[in-house]
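**Q**
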Amino acid sequence: MKYLIFLFSICFLSAPVSAQLKYTLTYQDSSSSVVKVTIETAAPLKTPVSFIMPRSIPGTYGIIFYDHFIRNVVAVTDQGEKTSMLKNENDAPRWLYADPGKQVTRIEYEVDLNRMERHAASSDASIIRPGFAGILNYSVFGWIEGTEKQTIQCTIHTFNNWPIFSTNQPSTQMMKGKAELKADSYHTLADGQVFMGPNFQVKEFKGSTPLFVVSYCQTENEWLDDYGLQGRMSMDILQDYFGELPFQHYSIMLIKSLPLEPGNNPPFGMEHLNSSTFFGDTSGIRRTAMSRDQVKRTMPTFLHHMGHSFIPLRCYGDTYRPYVQEIPPIINTIWFNEGFMWFLPYEALKLPGMKTGFENNVYHTSSDIKKLSLQQLSQAASTMYSADFRLGRGIYSRGALMAIEMNNYLKEKTNGKRSMKDVFRYLYQWSKKNGRPFTMEQLPSLLDQACAIDLSTIYQKWQAPIE
Ligand SMILES: [Zn+2]
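Add 148 to the 1-based position in the sequence shown for my numbering, that's all there is to it.
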């Protein structure tokens with residue numbers, strides 16, 4: 149009997165698994181900045197059918213109008229009829245096809261990436277340049293309502309000689325012209341990024357898990373080895389902090405481009421489950437190897453964003469969610485998501501100036517910001533984190549200073565035996581075990597339980613406005 153079950157499960161596992169949804173992304177016209185997307189369902193869908201574009205990305209703490217760069221949204225029926233879908237009358241990011249009695253098998257639309265780049269923040273936009281397309285999947289892929297949990301096969305079509313790299317299935321052996329990706333759900337697909345074209349570099353570094361550095365720089369090729377070194381050092385630090393790594397592979401995606409419009413293009417990073425993307429202009433290009441000291445001084449952003457693959461992407465609370473949504477949530481724990489993950493590079497790298505930076509952001513800022521409680525500031529930063537970066541800096545700095553104070557207190561009470569490292573591990577393991585977000589009521593008691601030391605006085609102190 150056991151043998152039969154064993155045989156059966158082998159057959160079951162090795163049978164070809166057909167995806168429930170087929171996505172395609174096509175970029176084959178270099179005279180245009182438009183990419184085409186189709187979504188095909190395995191079985192016809194009864195009307196009404198809604199198609200939705202995300203407006204909320206985990207970690208942006210803002211609203212992004214990806215729906216505004218979409219055009220020609222068409223529903224195709226099982227009879228092959230094509231009908232334009234109607235955009236929501238309230239400008240919600242959704243389109244509807246409701247002809248009674250029809251069955252939909254496909255949705256098609258186009259995305260104008262230059263329009264996106266001109267109207268969205270540079271760290272939220274996909275870009276097209278000669279010999280290169282850098283795609284943030286959530287900026288081009290929406291979902292058909294009700295299909296978010298279905299498995300996906302995604303095919304990318306481009307020019308025959310263009311290599312394709314995907315953070316979902318990274319490899320230095322890149323397919324050219326056409327690549328197939330699998331994702332267990334829309335959210336997994338949306339979390340990824342795709343680079344394609346002859347004008348980017350990929351280098352793999354052997355770390356505790358495979359690390360890929362993938363770089364597009366519009367004016368010249370960058371020196372990649374120090375990015376690799378910083379990625380590997382970040383992995384080592386995080387492994388030490390949390391006792392394990394949560395990903396099977398990791399990609400550092402770099403985009404240094406000349407802006408379409410002259411203007412301020414501040415460098416920004418964005419975290420994903422197995423990757424992070426760093427955006428900026430071509431100032432600060434790395435041309436040669438850096439000194440050990442320079443490597444360390446320029447490391448915090450890489451460590452911080454890789455650290456996000458633990459907190460908040462796999463350990464989070466309140467209304468934050470590690471996947472795209474239609475409406476940005478108002479979050480009370482941005483100080484935890486960001487502040488605790490700025491504390492980590494501060495503590496691990498011991499760079500002079502980081503703590504002074506946190507203090508300046510908290511104490512030498514607008515009185516309008518100082519008079520907000522921690523919760524009010526987090527709520528304001530939920531949609532304006534980088535739109536007015538005083539709010540972003542204010543909230544992460546309050547969280548980092550809270551963590552520094554807790555760390556000092558834990559060490560003092562235990563003769564240096566316990567620290568925030570224990571708190572981080574405890575919270576991460578709690579999230580892994582429970583598989584759900586913690587509530588605002590649970591959070592302070594989880595912090596106390598980590599080392600069985602009462603941290604409530606410090607926690608309460610930081611809830612108040614800044615004097
Ligand atoms: Zn961050």
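Backbone N, C-alpha and C define an ideal beta-carbon position, used for all residues, glycine too.
Thinking C-alpha only, which one of Arg380, Trp371, Thr367 is nearest Lys354?
**A** If we check each option's Cα against that of Lys354, Arg380 comes out closest.
**Q** Looking at ligand 1, does it come within less than 6 Å of Glu296, judged from the CB to the closest heavy atom?
**A** no
**Q** Exposed or buried, what is Ser320 when buried is set at 16 or more other beta-carbons lying within 10 Å of its beta-carbon?
**A** Rather than Ser, the amino acid found at residue 320 in this sequence is Thr. That one is exposed.
**Q** Say the cut is 6 Å; is the CB of Glu615 nearer than that to a heavy atom of ligand 1?
**A** no
**Q** Does ligand 1 have even one heavy atom less than 6 Å from the beta-carbon of Glu486?
**A** yes
**Q** Please report how far the alpha carbon of Arg538 lies from the alpha carbon of Arg546, in whole angstroms.
**A** 12 Å
**Q** Helix, strand or coil for Cys302 per DSSP?
**A** strand
**Q** Output the distance between the C-alpha atoms of Gln349 and Glu370, rounded to the nearest integer angstrom.
**A** 9 Å
**Q** Starting from the Cα of Cys365, find the closest Cα among Gln378, Ile403, Asp384, Val224 and give me that residue.
**A** Ile403
**Q** With a CB to CB cut of under 7 Å and the five nearest residues on each side skipped, what residues in its chain are close to Thr436?
**A** Trp371
**Q** Hey, His474 and Ile200: beta-carbon distance below 7 Å or not?
**A** Looking at the sequence itself, residue 474 is Glu, so the reference to His does not match. Yes, the pair counts as a contact, with Cβ atoms nearer than the cut-off.
**Q** What is the rounded straight-line gap between the Cα of Leu558 and the Cα of Gly564?
**A** 7 Å
**Q** With respect to the beta strand (DSSP E) encompassing Met344, which residues constitute its N-terminal and C-terminal limits?
**A** 341–344
**Q** Assess contact between the region 253–263 and the region 182–198, defined as three or more Cβ pairs (one per stretch) separated by less than 8 Å. Is contact present?
**A** Cβ pair count under 8 Å is three or more, so yes.
**Q** Provide the residue(s) that pair with Met447 in DSSP beta bridges, ordered along the chain.
**A** In DSSP, Met447 forms no bridge with anything.
**Q** Select from Met344, Leu575, Gln396, Phe390 the residue whose C-alpha is nearest the C-alpha of Ser356.
**A** Per the C-alpha coordinates, the member of Met344, Leu575, Gln396, Phe390 positioned closest to Ser356 is Gln396.
**Q** Opposite Thr436 in the DSSP bridges: which residues?
**A** Answer is none; Thr436 lacks a bridge partner.
**Q** From Ser274 to Tyr286, what distance separates their C-alpha atoms?
**A** Approximately 9 Å, taken between the alpha carbons.
**Q** What is the DSSP secondary structure of Pro196, counted as helix, strand or coil?
**A** coil
**Q** In the DSSP assignment, find the alpha helix (DSSP H) that holds Val510 and state where it starts and stops.
**A** 502–511
**Q** Can you give me the start and stop residues for the alpha helix (DSSP H) that Lys569 sits inside?
**A** 568–582 is the extent of the alpha helix (DSSP H) around Lys569.
**Q** Would you decide whether Tyr406 is buried or exposed? Buried here means 16 or more other CB atoms lie within 10 Å of its CB.
**A** One detail in the question is off: residue 406 reads as Leu in this sequence, not Tyr. Using a 10 angstroms sphere on the CB of Leu406, the tally of other CB atoms stays under 16, which defines it as exposed.
**Q** Sort out for me which residues DSSP pairs Leu463 with in a bridge.
**A** The question names Leu, yet the displayed sequence has Cys at residue 463. Cys463 pairs with nothing; no bridge assigned.
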